[in-house]
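Trainee:
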Amino acid sequence: MPTISSKNKPKNIVLIGNPNTGKSTLFNSLTGLNQKIGNFPGVTVDKKTGSFNYKGTKINVVDLPGTYSLAPNSEDERVAKNYIENTNKDDLIIVVVDATNLKRNLLLFSQIIDLDKQVLLVLNMMDLLQKNKQEINFDKLSKSLNCPIIPINAILNKGINQLKEAVYNYKENKNSFLINNSSKTIDETMLRINKINKIVDDVFTENGKNKSYLLTKKIDNIVTHKVYGYLIFFGILLFIFQAIFSWASYPMDLIDNGFSLLCDYVSTLLPEGIANDLIVNGILAGLGGIVIFVPQIAILFAFITILEDTGYMSRVSFLMDRILRQFGLNGKSVIPLLSSTACAIPAIMGARTIANYKERLITIMVAPLISCSARIPVYTILIALIVSEDESYGIFNLQGLLVMGLYLLGFVTALLSAWVMKLIIKSKEKSTFTLEMPVYRAPRWKNVGFEILSKVKVFLFDAGKIIIAISIILWVLSSYAPGNKFEEINEKYSNSSLDKSETNVLIASDKLEASYAGIIGKTIEPAIEPLGFDWKIGISLVTSFAAREVFVGTMATLYSVGDADNTLSIREKMMAATNHKTGEKIYTKATTFSLLIFYVFAMQCMATLAIVYRETNSIKWPVIQVVYMGALAYLSSLLVYSIFS
Ligand SMILES: Nc1nc2c(ncn2[C@@H]2O[C@H](COP(=O)(O)OP(=O)(O)OP(=O)(O)O)[C@@H](O)[C@H]2O)c(=O)[nH]1
Ligand SMILES: [Mg+2]
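Each residue of the sequence shown is one higher than the last, beginning at 0 in numbering that gives the first Met the number 0.
1) Take GLU171 as the anchor and find which of VAL118, ASP138, LYS588 has the nearest alpha-carbon.
2) Tell me whether VAL199 counts as near ligand 2, meaning its Cβ is closer than 7 angstroms to at least one heavy atom of that ligand.
3) Can you give me the C-alpha to C-alpha distance between ALA545 and ARG321, rounded to a whole angstrom?
4) Along the chain, where does the alpha helix (DSSP H) that runs through PRO335 open and close?
5) Can you tell me whether SER543 sits near ligand 2, meaning its C-beta is under 7 angstroms from at least one heavy atom of the ligand?
6) I need the straight-line Cα distance from SER391 to GLN241, nearest angstrom please.
7) Hey, quick one: how far does the alpha helix (DSSP H) through ASN11 stretch, first residue to last?
8) Spatial neighbours of MET194 within its chain, please: CB distance less than 6 angstroms, with the 5 preceding and 5 following residues excluded, ordered by chain position.
9) Is SER73 a contact residue of ligand 2, with contact defined as CB to any heavy atom under 7 angstroms?
10) Look up THR43 in the DSSP assignment and say whether it is helix, strand or coil.
11) Could you check the C-alpha separation between SER478 and LEU540 for me, to the nearest Å?
12) My understanding is that VAL78 touches GLY21, with C-beta atoms under 8 angstroms, so please give their C-beta distance in whole angstroms.
13) My parser needs the alpha helix (DSSP H) runs of 4 or more residues fully inside the stretch 406–459; what are they?
14) Do you know whose CA, among PRO529, LEU476, TYR558, lies nearest ILE518's CA?
15) Quick check on VAL625: does DSSP put it in helix, strand or coil?
16) Can you tell me the Cβ-Cβ gap for GLY330 and LEU434, rounded? I've got them flagged as a contact below 8 angstroms.
17) Skipping 5 residues on each side, what residues in its chain have a beta carbon closer than 8 angstroms to that of ALA413?
18) Would you check whether ligand 4 has a heavy atom nearer than 7 angstroms to the C-beta of ASN100?
19) Does the Cβ-Cβ distance between ILE92 and LEU122 come in under 8 angstroms?
20) If you drop the 5 nearest sequence neighbours on each side, which residues of the same chain put their C-beta closer than 8 angstroms to that of GLY409?
21) Per the DSSP calculation, LEU131 is bridged to which residue(s)?
22) Do three or more CB pairs link the stretch 258–270 to the stretch 223–237 at distances below 8 angstroms?
23) What does the alpha-carbon distance come out to for the pair LYS8 and VAL166?
24) What is the DSSP secondary structure of PRO645, counted as helix, strand or coil?
25) Going by CA-CA distance only, name the one from ASN206, VAL315, GLU307, THR304 that's closest to MET227.
26) Measuring from the CB of SER338, is there a heavy atom of ligand 2 at a distance below 7 angstroms?
27) Can you tell me whether THR184 is helix, strand or coil according to DSSP?
28) State yes or no: is the C-beta of THR43 nearer than 7 angstroms to some heavy atom of ligand 2?
29) Give the DSSP bridge partners of ASP97, in chain order.
30) Do you know offhand how far VAL13's Cα is from TYR169's?
31) Less than 6 angstroms between C-beta atoms, sequence neighbours within five positions excluded: which residues of the same chain meet that for ASN104?
32) Quick one: Cα of SER339 to Cα of PHE108, how far?
33) Decide if GLN325 is buried, meaning its Cβ has at least 16 other Cβ atoms within 10 Å, or exposed.
34) So, under 8 angstroms CB-CB, ILE112 and PHE176 are touching, yes? Tell me the CB distance rounded to an integer number of Å.
35) Just checking, does the stretch 127–142 make contact with the stretch 211–222 on the three C-beta pairs under 8 angstroms criterion?
36) Can you look up ILE36 in the DSSP assignment and give me helix, strand or coil?
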């Protein structure tokens, strides 16, 4: 009978350490997974699990958020502390430290080893140590700490095999750091720090000037300067929005033409009938409206990842702390708020690094006001209705400027809303801001590429699924009507004197209006008429709740039903659309601006609401969010519409 040797029992290892020491990078190289990494403290805010096999043994790995000590200050640190305290006796805890920063990093190590846990110490960033001409006597350090040590470089996968071997062969080891732990008369932390300093001074040699540190200081003198700092930040933002609009236009045209060809091809391939109509006018029209935005999303994420990877984001936090504090936020709100330009969901989770509960709550409440990438398709298509692609102010593309304006509007409103909430929400907790400035690093292009790929994938597939589902539902709702309404319409035009194609257009638009979708839109219409919206926009507002980018797909589907030859783009169809009551053009400046403003402010995203519910653990906050953002959207659209019309 085969027996399982104890060696083949799965082992569990846990990665813990100070923020930004490379735990997630190590996790990725051990497991082959692609957990998010970035050059600022607080990238990981929740535990992540994975595994690898070594010599026939399965080893489970847990990656934890960074923490400075076992006395947690914020939600992400609490996750780490709770996890460590509840590990089993035979779980192996790997403390990952930045080898260039031993003194500060070892405090956490000393606390963990005193919990009577199995510990292995990993010294990461060996490349930086070498570059800085610093040396560590590993044997001596290992003896002083009474713990095995493995030096690694997590980025280049150096030392990973030695680490796996050490995990595989780990022998139980009984040790403690503070031998005389009972003398609490003196501050325990101070005791630890003194002992650590002594040990490190004994094993660490500095052979020259710390190069990367000096360079970082030089760069920081400029980018965190009281005046230049803000100018540089603003310049970077302007550059990003220009890039999103000018660089992306060429691939976007390619995709647009590609989809037209595909639609033509598919419609000739399939026999005429319901299936053909559903696929071409329902699904392909909806999807084409989304795929076209991939280049813009890719550019946005490329820039965000580069800013995070180089370490610049932490400087922005530092720059903005003083300003944000006036508004009830915190320097640490910057990363959530800026990453909201991509998506509010990771941003709201990222707010876990903010220690003060009130500031964290306010950050969560206002983050969705920052325009996310799902708004880009909506902005782009609407702005194209009022400004043409090549209009510009000097070197600035006008479409790009307008979009930047909408982003700024969202940002300023987020600040003002935060300020109001600061006055309303009561809290006695003290607010603190401590953020370590990491040394600058060149962005890792592989990471940038990976981030782009994964974000585009989420955009296409997660949104794509919803869009296909909604396109099909919409197509059904707009292709069928209650009773025999459609027969009556056919009857009405049967003796028409107009030529055939003109009659077909009239029949199609009458049918859409009589359809189930038309009925839904018409029911909403009275409420949104004062904003300049008609029933078709009404339907889009409803479907946008699943995800904002659905707006474009909905428009594409609604305007495709009945457009037999499919020759016009969505933009051209929207340009030509008229109000069914007055017969005037729908997309006037007034309506278009009003609709743009509505999308800047309205809380139309179910996934975000679900995350807010999860993070605040209460139904109250997401409800308040829907109501205040909805009211803001409605009133501002009303105002804008009446100003422009
Ligand atoms: N030079 C160098 N940089 C590294 C090394 N390992 C990781 N980094 C970089 O250090 C930064 C932080 O890496 P992460 O893996 O996100 O760090 P973390 O410990 O998971 O950070 P938190 O989740 O915020 O606690 C990234 O910019 C990495 O590219 C290394 O061995 N050498
Ligand atoms: Mg991490």
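Note that beta-carbon positions come from the ideal geometry of N, C-alpha and C, so glycine has one too.
As the structure is a prediction and not an experimental result, all values here were calculated from the model.
Mentor: Inspection of the coordinates gives the following:
1) Minimum Cα distance to GLU171 is reached at VAL118.
2) no
3) 37 angstroms
4) 333–338
5) no
6) 11 angstroms
7) Unbroken run through ASN11 is the beta strand (DSSP E), 10–16; no alpha helix (DSSP H).
8) Before going further, note that residue 194 is Lys rather than Met in the sequence given. So no residue of the chain qualifies.
9) no
10) Note: THR43 maps to coil in three-state DSSP.
11) 20 angstroms
12) Rounded, the Cβ-Cβ distance is 18 angstroms, inconsistent with contact.
13) Complete alpha helix (DSSP H) runs here, min 4: 444–456.
14) Among PRO529, LEU476, TYR558, the Cα nearest to that of ILE518 belongs to LEU476.
15) helix
16) 6 angstroms
17) LEU336, VAL365, ALA366, LEU368, ILE369
18) As presented, the structure is devoid of ligand 4, carrying ligand 1 and ligand 2 as its sole ligands.
19) Contact flag unset, no.
20) Excluding residues up to 5 positions away in sequence, LEU368, ILE369, SER370, VAL599, PHE600 lie with their Cβ nearer than 8 angstroms to the Cβ of GLY409 in the same chain.
21) The question names Leu, but residue 131 in the sequence shown is Asn. For ASN131, which the question treats as bridged, DSSP gives no partner whatsoever.
22) no
23) Each residue's CA atom was taken as its position, placing LYS8 and VAL166 some 13 angstroms apart.
24) Residue 645 is absent from the model: the chain starts at 0 and stops at 644.
25) Looking at the sequence shown, residue 227 is not Met but Tyr. Of the residues ASN206, VAL315, GLU307, THR304, the one whose Cα lies closest to the Cα of TYR227 is VAL315.
26) no
27) For THR184, the predicted structure reports a pLDDT of 49, less than 50, and the residue's modelled location is therefore unreliable. The matter cannot be settled from this model.
28) yes
29) ASN123
30) 14 angstroms
31) Excluding its 5 nearest sequence neighbours in each direction, ASN104 has C-beta neighbours in its own chain below 6 angstroms: ASN17, VAL96, ASP97, listed in chain order.
32) 34 angstroms
33) exposed
34) 5 angstroms
35) yes
36) coil
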